[in-house]
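The structure appears below as structure tokens.
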Amino acid sequence: MSSSDEDSNHSEEEQGQEDDERLSIKNEISSLSFEALQKLKERIGAKVYKEVIFGENKNSKKELKIFKRENKNRPREMSSKKPVPMLQNVVPVKKKEVRDPRFDPLCGNFDKKEFSSNYGFLSDIRVNDIKAIRAELKQMFSAELRVESLVKQYEELKKEGTGRIQRHLKRRQQKVKKKSFKTPIVGS
Numbered sequence: 001m002s003s004s005d006e007d008s009n010h011s012e013e014e015q016g017q018e019d020d021e022r023l024s025i026k027n028e029i030s031s032l033s034f035e036a037l038q039k040l041k042e043r044i045g046a047k048v049y050k051e052v053i054f055g056e057n058k059n060s061k062k063e064l065k066i067f068k069r070e071n072k073n074r075p076r077e078m079s080s081k082k083p084v085p086m087l088q089n090v091v092p093v094k095k096k097e098v099r100d101p102r103f104d105p106l107c108g109n110f111d112k113k114e115f116s117s118n119y120g121f122l123s124d125i126r127v128n129d130i131k132a133i134r135a136e137l138k139q140m141f142s143a144e145l146r147v148e149s150l151v152k153q154y155e156e157l158k159k160e161g162t163g164r165i166q167r168h169l170k171r172r173q174q175k176v177k178k179k180s181f182k183t184p185i186v187g188s
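Numbering follows the UniProt record's numbering, with no gaps: position 118 of the sequence shown is 118.
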């Protein structure tokens, strides 16, 4: 015989002895009155009492339940009985120090003359922008005047009753309106 056969025979013998003991205890308990059973239960505890009478519950043994998925697309089921992990030490992230160069001593002192020589081109750009905006305003104004004069001409020709010229002037007026239509640029 091998060692595994001997172990299985040995465990079967132990189970048989336990069953015999349990039967003898059950017989003794069955002869006791209900009052005596109640006192026994209070003395040894309900859990031990149930184990003696009904035997050791196989479901009560703590076995790790393997959580499986019913479908591969479902998330894995997790036990809610897991203990909460202890707080872990989190490495703090260093905050970026916001620096304003106007007030930072590392950037040096303000020199108005140097500033004007370095950033003088900004004032030139501003002046050029203002000139361009004024030129656009003049063009828009003159385009509006042209449209108004064409409307007056149209009204005069309409009075004369010439259809072909009316259509020609109407087309010309629409072209001028399309060319002159631009979104106004508002400068600050």
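Ideal Cβ placement from N, Cα and C applies to all residues, glycine included.
- It is roughly 21 Å from the alpha-carbon of VAL147 to the alpha-carbon of ILE133.
- CA-to-CA, the gap between LYS152 and HIS168 works out to about 14 Å.
- Taking the C-beta atoms as reference points, LEU145 is found no nearer than 8 Å to VAL176.
- Residue range 112-118 is occupied by the alpha helix (DSSP H) that includes LYS113.
- By the Cβ criterion, the stretch 38-51 is not in contact with the stretch 76-93, since fewer than three pairs of Cβ atoms, one from each stretch, lie closer than 8 Å.
- Between the beta-carbon of SER180 and that of ALA135 there is about 14 Å, and that puts the pair past the 8 Å contact cut.
- About 11 Å separates the CB atoms of ILE29 and LEU23; that is not less than 8 Å, and the two are not in contact.
- Taking the Cβ atoms as the reference, ILE25 lies roughly 12 Å from VAL48, outside the contact range of under 8 Å.
- Distance from the CA of TYR119 to the CA of ARG102, rounded to the nearest whole angstrom, comes to 16 Å.
- In the three-state reduction of the DSSP assignment, VAL48 falls in the helix class.
- Excluding residues up to 5 positions away in sequence, ILE133, GLU136 lie with their Cβ nearer than 8 Å to the Cβ of ILE185 in the same chain.
- Our two residues, MET86 and ARG74, have alpha carbons roughly 29 Å apart in a direct line.
- Taken in chain order, the complete alpha helix (DSSP H) segments of 4 residues or longer contained in the stretch 81-153 are 112-118.
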